[in-house]
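Quick notes on the structure that follows.
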Amino acid sequence: MELMDDFSQKLKLEGRSNDIILYHQLALVDIIANLGEMYRRSLSGGYNYSNSLS
2 MELMDDFSQK LKLEGRSNDI ILYHQLALVD IIANLGEMYR RSLSGGYNYS NSLS
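Using the numbering used here, the first residue of the sequence shown is number 2, and each one after it goes up by one.
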């Protein structure tokens, strides 16, 4: 989170919007959630690749 705060301060100094930070935070949360789900599935008897897109 400190990295995002530092980046936010730099954007403010440049006069830019913080919208880009929100977009990247949502993308990172989505990636972490997907990785966590893959890990959970792998612990419960293997990952089923046929269901990974649904």
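Where a beta carbon is used, it is the ideal one built from N, C-alpha and C, also for glycine.
Since the structure is predicted, the reported quantities are computational estimates derived from the model, not experimental observations.
- S45 sits in coil when the DSSP states are folded into three classes, being neither helix nor strand.
- Residue range E3 to E15 is occupied by the alpha helix (DSSP H) that includes S9.
- M5 is a Cβ neighbour of Q26, given a cutoff of 8 Å.
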